[in-house]
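Numbering (our numbering), first residue to last: 1 to 228. Ideal Cβ placement from N, Cα and C applies to all residues, glycine included. What follows is a set of notes on a single structure, which appears directly below.
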């Protein structure tokens, strides 16, 4: 396996970007659950942006690193990963908040944080271009673009309505009670469906295409607003 210095650099850029983006994602779940009245994430040290608190040794470090190495060697996309799931207790949520509502709010908070981070990074990139701190195509600019795309990919991937993804939890909260048993039967196949979505290129378009469209539209919007 022959990797160039450029390959190695991008492997570690990708790993660092994923670690930070996953931490921001999981922090979103933790802070919303905590604000809704459940102190479980706080007691477990998850209401923090410290990546160490949210990193899963296999999902955040090992698999993304191995996937990045083999992806670079094959000239394809790198690895994929996940963070340590945030634990929260629905029965600890403040009175007056429906359990289904709390589940939706906690679930969408993770992708929402990726949307926020991706938007802020894109805005920062365009501002740096406006004030000529960066030039088009610079190394730092490429890293920022990569980070924006990473966050939008994480957002749309996690919004897929398949358990145990965040979108799956939202779907479960919205399913009428009479169909709950059917949905729970479907949920058993969730991990296999997710694996297929990740491994099969045609299925990856389910989250990669909207992520690319969102990032492109955001950059064009900021450029039209700030660079014209």
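Check: Return the CA-CA distance between residue 159 and residue 203, expressed in angstroms with no decimal places.; Outcome: 14 Å
Check: How big is the Cα-Cα spacing for residue 101 and residue 173?; Outcome: 8 Å
Check: Just the Cα atoms here: how many angstroms apart are residue 88 and residue 94?; Outcome: 13 Å
Check: Please determine, among 33, 198 and 26, the residue with the shortest C-alpha to C-alpha distance to residue 85.; Outcome: 26
Check: Assuming residue 64 contacts residue 80 (C-beta within less than 8 Å), just tell me the rounded distance between them.; Outcome: 7 Å
Check: Is it the case that the Cβ atoms of residue 176 and residue 168 are separated by a distance below 8 Å?; Outcome: no
Check: Starting from the Cα of residue 224, find the closest Cα among 166, 190, 210 and 129 and give me that residue.; Outcome: 129
Check: Does the ligand NAP have a heavy atom nearer than 7 Å to the CB of residue 72?; Outcome: You won't find the ligand NAP in this model; it holds no ligand whatsoever.
Check: Please state if the CB of residue 17 and the CB of residue 147 are separated by a distance shorter than 8 Å.; Outcome: yes
Check: Does the distance from the C-beta atom of residue 108 to that of residue 170 stay below 8 Å?; Outcome: yes
Check: Strictly by DSSP, which residues pair up with residue 55?; Outcome: 83
Check: Quick one: grab the DSSP three-state call for residue 88.; Outcome: coil
Check: Out of curiosity, what's the CA-to-CA distance linking residue 11 and residue 70?; Outcome: 10 Å
Check: Reducing DSSP to helix, strand and coil, say where residue 71 ends up.; Outcome: helix
Check: Distance, Cα to Cα, residue 72 vs residue 154?; Outcome: 20 Å
Check: I need the straight-line Cα distance from residue 91 to residue 190, nearest angstrom please.; Outcome: 25 Å
Check: Are there 16 or more other CB atoms within 10 angstroms of the CB of residue 166, so buried, or fewer, so exposed?; Outcome: buried
Check: Given this structure, state the Cα-to-Cα distance separating residue 116 from residue 185, to the nearest angstrom.; Outcome: 34 Å
Check: Compare the Cα-Cα distances from residue 83 to each of 2, 52 and 9 and report the closest residue.; Outcome: 52
Check: Report the three-state DSSP secondary structure of residue 161 (helix, strand or coil).; Outcome: coil
Check: Throw me the rounded Cβ distance for the residue 277 and residue 227 pair, which I believe falls under 8 Å.; Outcome: Residue 277 lies beyond the stretch modelled for the chain, which goes from 1 to 228, so this question has no answer here.
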